[in-house]
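As given, the protein sequences belong to chains A and B, one line each in that order.
Each residue of the first sequence is one higher than the last, beginning at 1 in the UniProt record's numbering.
Each residue of the second sequence is one higher than the last, beginning at 1 in the UniProt record's numbering.
Protein chains: 2
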Amino acid sequence: MVEIRKPIPIQVAVNKVMNYSRLGNLEKVSLDDCDDRRLAEPIIAKHPIPPFTKSPYDGFALRSADTEQASLHNPVEFEVVEHIGAGIVPTKRVRKGQATRIMTGAQIPEGADCVAMFEICQSYERNGKNYMAIKRTMDKGQNIINKGSEVEMDDILIKAGTYINPGVKALLATFGYSEVTVAKKPVIGVIATGTELLDINEELQPGKIRNSNAYMIASQIKRAGGQVIYFGKLEDEFASSYDTIKNALHKVDMLITTGGVSVGDFDLMPQIYDKLGANVLFNKVAMRPGSVTTVAVREEQLLFGLSGNPSACYVGFELFVRPIIQRLQYSNKPFLKRIDAVLLEDFPKPNPFTRFVRSYLVYENGKVGVRLAGMDKSNVVTSLAYSSGLMVLPGGTRGYKSGAPIEVLLLNEQEGQKDF
Amino acid sequence: MVEIRKPIPIQVAVNKVMNYSRLGNLEKVSLDDCDDRRLAEPIIAKHPIPPFTKSPYDGFALRSADTEQASLHNPVEFEVVEHIGAGIVPTKRVRKGQATRIMTGAQIPEGADCVAMFEICQSYERNGKNYMAIKRTMDKGQNIINKGSEVEMDDILIKAGTYINPGVKALLATFGYSEVTVAKKPVIGVIATGTELLDINEELQPGKIRNSNAYMIASQIKRAGGQVIYFGKLEDEFASSYDTIKNALHKVDMLITTGGVSVGDFDLMPQIYDKLGANVLFNKVAMRPGSVTTVAVREEQLLFGLSGNPSACYVGFELFVRPIIQRLQYSNKPFLKRIDAVLLEDFPKPNPFTRFVRSYLVYENGKVGVRLAGMDKSNVVTSLAYSSGLMVLPGGTRGYKSGAPIEVLLLNEQEGQKDF
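In structure tokens form, the structure reads like this:
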């Protein structure tokens, strides 16, 4: 007897899972260690930028009014009263006929209202004093960057949930965030099920294959921002599987199993959910691959039952687990970024259900094309290595022709999108 | 006196640096820890995939010839002689009139040459024996995945230099790579120079700003695949700066300094290179920002003198340092991926030199557009946080209009390109 399950639409399945999304607990990490995390608080300007009025060039700070008479044939002379590098505070007010030699980034001395670049000035000494002359007029404010002209104090610069890249890190440093508030990485358990699985360091045996899904998912978890506890692989044996899974639940925020969710004779996960008292949100989704993807909840804890098929497992993770991990990290755009592209080859397979096809993007002449990452046999694992996206091929068609407009979910984009 | 430097074309500068590129030393890391590294050896199929002939479905394995007489009105009966799940090796040869109940992924028993899916078979018991009947003919090879049909033994599956993503990791697991050969992460020293710099945990002081470049570069180094030693910040004072830099060189594979490379009165790096006996490859590049970017070599060790200006520093790293780090990791595509896109807003600045403008991509209707990531004042650090690309605006123009075709360097792409 094969159990008949009714598939639910993907969007409905996604919503059912996201009902259990929440924001993660906070921790502080040092600025050195914040790369690749996400901000759990906005970055707020703790002071204006620049924090003082400064010079963008090497030159002389002076009063523009004093250059009024300057011309090619009438150089105007200034006495150079001070010489300041960046980081040195000017001590002398610039008065009529005076100038301060100033370096890029240094603070403009009081009295001065412009900076004449070196290239237009002539410097010389006379009687042990420094002078410079200029042959053109300067405007008030010329070559001056005013305090606060780039950022005002208390401006919200970067929103919570933003991925910390080198530019974000520079801003954190600028405002003296020696520690950064981020969400704790969720701890995600991984268990592979299936009597056919060998450990990676075991010799190949007849009828068996090595467990690759657990390692793949571990990598997906890390990419999404979680941390992994791997509980090993389980034979298709109920009592020991149940015990391992039940114990694992105490040690993790959520648990991913691979395999055992279908309706085969040795698929034990349905019974295990039952005995755990977990509420199965769905066990069949109108999609390929991964239609048997199952998600259950037990005391607010999510149990993801992904397919044992590598591609289905991969897709199930990206569609259902990744958004939960992203949201925990305060992302307001927890879903994979979805863009429009043009299909660059025929995809002749009839498509009763929406299909997610491993693919990679091709940029040409300002257009985005998309190609299949290898044959699409759902048990070919090689193509996953080359995938940068998943084409979304809506169901109810007899295939797609080269040139068709297609949506693609981007797998490597740190910025996601708000809705699935 | 301002020293006049002659700018060299960017491509020439890049080539001068890449002359010193080499492959990194090797190390082995556990499969668990190989994420985000690059393979230093290709992945070779250590066995065929699948390693044995298997069933893609739950069903019955049998001899197709035995179904020859089957039809809607003439069900053909088979005795079910064995029941095997995935990972269980069949022990019985399937003979005339016999079938083996088989689960997805299990090995096809000898004698059988096709699999009839459960859905088309009727199972029943009689006198304590299991039978099934089928009402249609089957073809030889139907629903059989042959050994080696996906991958043959000794196939080179993934090239050295490939970034290890979840799909690559799955393949490594499949072939039992419990350890993975990668290049050792190059150790890259970072020193910030400038009397104006405060540590991130210091209170703001008049005329000073916090050191943000060192943190930004540390993040860029990690993103590119290196590891960082930060030697702190230096005042613009020759003797102590020289000592710190000279000592740092003993502890790193290469050294990055920020600031001090221009021709200002307190720019000490040119003298320091001189005293170190370093050969300056160039100290002026025909580009904006970052024209003062300097690269020197001392006993095969690269010294990158990046600008103190945050944007110039950022660009200098991505153009000159990143490719060296990528190549150390065996990448054959060490340069930032460059794509065509359409400019989505005016860029009215005249462009005497090629300009790299912080920007982000916009995907719309299958087209790639590109927008400025904030104002392009080269000392505005906020825009770096939102940049996913650098527009390349060739020099010698009076600006660019919205709609212009533009090249963009992608900052977050793991796959780069062969040439700059």
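Glycine residues also receive a C-beta, built at the ideal position from the N, C-alpha and C atoms.
Who pairs with residue i in a beta bridge, going by DSSP?
i	result
residue 363(A)	368(A)
residue 79(A)	98(A), 131(A)
residue 182(A)	27(A), 39(A)
residue 117(A)	59(A)
residue 125(B)	130(B)
residue 257(A)	191(A), 305(A)
residue 342(A)	369(A), 405(A)
residue 355(A)	288(A), 393(A)
residue 107(A)	54(A)
residue 336(B)	In the DSSP output, where bridge partners are listed per residue, residue 336(B) has none listed.
residue 84(A)	102(A)
Could you give the first and the last residue of the continuous alpha helix (DSSP H) run that contains residue i?
i	result
residue 273(A)	269 to 276
residue 232(A)	Run containing residue 232(A): none in the alpha helix (DSSP H); it sits in the beta strand (DSSP E), 227 to 234.
residue 282(B)	Taken as a continuous stretch (DSSP letters only), residue 282(B) belongs to no alpha helix (DSSP H), being part of the beta strand (DSSP E) at 279 to 282.
residue 326(A)	322 to 328
residue 162(B)	From DSSP, residue 162(B) is part of no alpha helix (DSSP H); its letter is neither H nor E.
residue 244(A)	238 to 249
residue 206(A)	It is not in any alpha helix (DSSP H) - residue 206(A) carries neither H nor E in the DSSP assignment.
residue 153(B)	Run containing residue 153(B): none; DSSP gives neither H nor E here.
Can you tell me where the beta strand (DSSP E) holding residue i begins and where it ends?
i	result
residue 391(A)	389 to 393
residue 294(B)	294 to 298
residue 157(A)	156 to 158
Distance check for residue j and residue i, CA to CA, integer angstroms please.
i	j	result
residue 360(B)	residue 368(A)	15 Å
residue 421(A)	residue 258(A)	Residue coverage of chain A in this structure runs from 1 to 420, which leaves residue 421(A) outside it and unanswerable.
residue 272(A)	residue 239(A)	9 Å
residue 445(A)	residue 328(A)	Within the shown structure, residues of chain A are numbered from 1 to 420, placing residue 445(A) beyond reach of any answer.
residue 111(B)	residue 89(B)	14 Å
residue 11(B)	residue 245(B)	28 Å
residue 17(A)	residue 318(A)	13 Å
residue 379(B)	residue 150(A)	Legend: pLDDT at residue 379(B) = 42, less than 50; position of this residue unreliable, no value from coordinates given.
residue 366(B)	residue 372(A)	17 Å
residue 341(A)	residue 266(A)	41 Å
residue 108(A)	residue 158(B)	58 Å
residue 59(B)	residue 208(A)	19 Å
residue 66(A)	residue 97(A)	6 Å
residue 401(B)	residue 349(A)	44 Å
residue 164(A)	residue 36(A)	5 Å
residue 214(B)	residue 191(B)	7 Å
residue 95(A)	residue 115(A)	14 Å
residue 175(B)	residue 200(A)	8 Å
residue 8(A)	residue 291(A)	9 Å
residue 412(A)	residue 243(B)	43 Å
residue 282(A)	residue 293(A)	8 Å
residue 133(A)	residue 74(A)	10 Å
residue 419(B)	residue 385(B)	26 Å
residue 126(B)	residue 270(A)	29 Å
With a 10 Å radius around its C-beta and 16 neighbouring C-beta atoms as the bar for buried, classify residue i as buried or exposed.
i	result
residue 223(A)	buried
residue 156(A)	exposed
residue 194(B)	buried
residue 196(A)	buried
residue 69(A)	exposed
residue 405(A)	exposed
residue 279(A)	exposed
residue 233(B)	buried
residue 355(A)	buried
residue 113(B)	buried
residue 124(A)	exposed
residue 410(A)	buried
residue 377(A)	A caution first: residue 377(A) carries a pLDDT of 49, below 50, which makes its placement in the model unreliable, though a value can still be read off. With fewer than 16 other Cβ atoms within 10 Å, it is exposed.
Open item on the list: For the stretch 85 to 101 of chain B, list every residue whose C-beta sits within 7 Å of some C-beta in chain A, in sequence order.
Closed with: Of all residues in the stretch 85 to 101 of chain B, only 85, 86, 87, 88, 89 place a beta-carbon less than 7 Å from a beta-carbon of chain A.
- [ ] With 9 Å as the limit, tell me which residues of the stretch 191 to 209 of chain A have their beta carbon closer than that to any beta carbon of chain B; keep them in chain order.
- [x] Interface annotation for the stretch 191 to 209 of chain A against chain B: 194, 195, 196, 197, 198, 199, 200, 201, 202, 203, 204, 205, 206, 207, 208, 209, criterion Cβ-Cβ distance under 9 Å.
TODO: Output, in sequence order along the chain, the residues in the stretch 157 to 176 of chain A whose CB is closer than 9 Å to any CB in chain B.
DONE: From the stretch 157 to 176 of chain A, only 157, 158, 162, 164, 165, 166, 167, 168, 169, 170, 171, 172, 173, 174, 175, 176 have a Cβ closer than 9 Å to chain B.
Open item on the list: Give me the subset of the stretch 338 to 349 of chain A whose CB atoms are less than 7 Å from a CB atom of chain B, sorted by chain position.
Closed with: Listed in sequence order: 339, 340, 341, 342.
- [ ] Taking only beta carbons into account, state which residues of the stretch 106 to 134 of chain B come closer than 8 Å to chain A, listed in chain order.
- [x] Of all residues in the stretch 106 to 134 of chain B, the ones placed with a Cβ closer than 8 Å to any Cβ belonging to chain A are 106, 107, 118, 119, in chain order.
Task: Residues within the stretch 252 to 268 of chain A neighbouring chain B, beta-carbon criterion of under 9 Å - done: Correct list: 259, 262, 263, 264, 265, 266, 267.
- [ ] Mind checking the stretch 134 to 152 of chain A against chain B and listing, in chain order, the residues whose C-beta falls within less than 7 Å of any C-beta there?
- [x] The stretch 134 to 152 of chain A vs chain B, Cβ under 7 Å: 150, 151.
Open item on the list: So if I threshold CB-CB distances at 9 Å, which residues from the stretch 15 to 41 of chain A count as touching chain B?
Closed with: Taking 9 Å as the Cβ-Cβ cut-off against chain B, the residues of the stretch 15 to 41 of chain A that qualify are 31, 32, 34, 35, 36.
- [ ] May I ask you to list, following chain order, the residues of the stretch 406 to 417 of chain B that have a beta carbon less than 7 Å from some beta carbon of chain A?
- [x] Result list: 412, 414.
Open item on the list: Against chain A, which members of the stretch 59 to 76 of chain B pass a CB distance test of less than 9 Å?
Closed with: Within the stretch 59 to 76 of chain B, no residue qualifies.
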